[in-house]
Amino acid sequence: MPRYARGFDTDAAFAHLAKRDRKLGTWMKRIGPIEADPRWRKPFDPVDALARAILYQQLSGKAAATIVGRVETAIGSDRLHFDTLGRIDDAALRACGVSGNKTLALRDLALREARGEIPTLRQMSTMEPDAIVSTLVPIRGIGRWTVEMMLMFRLGRADILPVDDLGIRKGAQRVDRHEAMPAPKALIERGERWGPYRTYASLYLWRIADFAEQKKAATKRSQD
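Using my numbering, the final residue of the sequence shown is 248, and nothing's skipped along the way.
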């Protein structure tokens with residue numbers, strides 16, 4: 025059974041994308057190389073990571089970190105799992121600032137872990153990206169985007185393109201100088217030339233979208 029490496033050669037990805045897509049390549053040279061993410065080489069706990077993703081949804085980083093800290097104190101552990109989350113009831117979770125929907129999501133995650141439905145990091149190393157997505161999105165509160173972020177930033181998979189992400193779509197719009205953002209289906213087709221390094225292309229599209237927003241803000245300030 026083939027095993028997927030965590031991370032990829034960013035120099036090879038840069039050269040490949042610059043050659044395959046001149047428009048994107050121009051932006052890439054302007055921005056400069058994006059280094060490999062150090063998290064690609066670090067072990068992590070998929071269940072704990074998913075639990076934290078649930079808690080961080082729709083909150084600022086500071087607010088979410090505060091809630092996570094309260095939960096860790098309440099359960100007496102920095103490991104969010106079936107056994108540790110079982111130390112606290114729903115009312116106590118709510119007292120920590122966890123919403124009703126997130127409480128239900130955490131319980132669903134814990135139950136699925138207890139049933140053996142959440143693959144371990146070792147098991148994920150032999151799974152194709154779509155198989156990981158299909159396995160994890162049935163969890164309450166976990167959508168495709170959340171799994172794609174895990175695939176990109178924790179597992180270091182080289183060929184992920186989160187076509188529903190607003191920043192990705194804005195970046196593609198900027199690259200192609202279109203008046204409107206591409207629809208996800210069109211972005212899938214546009215991204216064919218970026219394989220097998222769609223992840224690296226995505227990192228640049230986010231940077232390009234940020235650049236466009238900064239330029240727009242600077243223009244607005246100069247007009248005020």
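Glycine is no exception: its CB is placed at the ideal position from the N, C-alpha and C atoms.
query	result
Reference Glu-216; option with closest CA among Ala-204, Leu-185, Ala-36	Leu-185
Contact the stretch 179-197 vs the stretch 223-231: 3+ CB pairs below 8 Å	yes
Residue burial classification, Lys-47 (beta-carbon count within 10 angstroms, cutoff 16)	exposed
Any beta strand (DSSP E) of 3 or more consecutive residues that is wholly inside the stretch 51-121	none
Cβ shell of Leu-109 (< 7 Å), same chain only, five flanking positions each side left out	Ile-99, Leu-130, Ala-134
DSSP three-state assignment for Val-139, whether helix, strand or coil	Checking the displayed sequence, the identity of residue 139 turns out to be Arg instead of Val. Looking at Arg-139 - three-state DSSP - the assignment turns out to be coil, as it is neither helix nor strand.
Through-space distance from Ile-163 to Glu-88, alpha-carbon basis	Before going on, a small fix: residue 88 reads as Ala here, not Glu. Whole-angstrom Cα-Cα distance: 20 Å.
Cβ pair count under 8 Å reaching 3, the stretch 47-66 against the stretch 137-154	no
Leu-175 beta carbon less than 8 Å from that of Phe-166	Correcting the residue type first, residue 166 is Ile in the shown sequence and not Phe. Not in contact: Ile-166 and Leu-175 (Cβ atoms no closer than 8 Å).
Inter-residue spacing [alpha-carbon to alpha-carbon] between Arg-139 and His-202	48 Å
Buried versus exposed, by CB contacts within 10 Å (16 or more), Pro-70	buried
Proximal residues to Arg-63 (C-beta, below 8 Å), its chain only, five neighbours per side dropped	Phe-177, Arg-178, Gly-180
First through last residue of the alpha helix (DSSP H) which encompasses Gly-250	The structure shown does not extend to residue 250, since the chain spans only 25 to 248, so no value can be given for it.
Between the CA atoms of Lys-43 and Thr-170 - distance to the nearest angstrom	30 Å
Check whether Ser-149 and Tyr-28 have beta carbons under 8 Å apart	yes
C-alpha gap between Arg-76 and Leu-104, whole angstroms	8 Å
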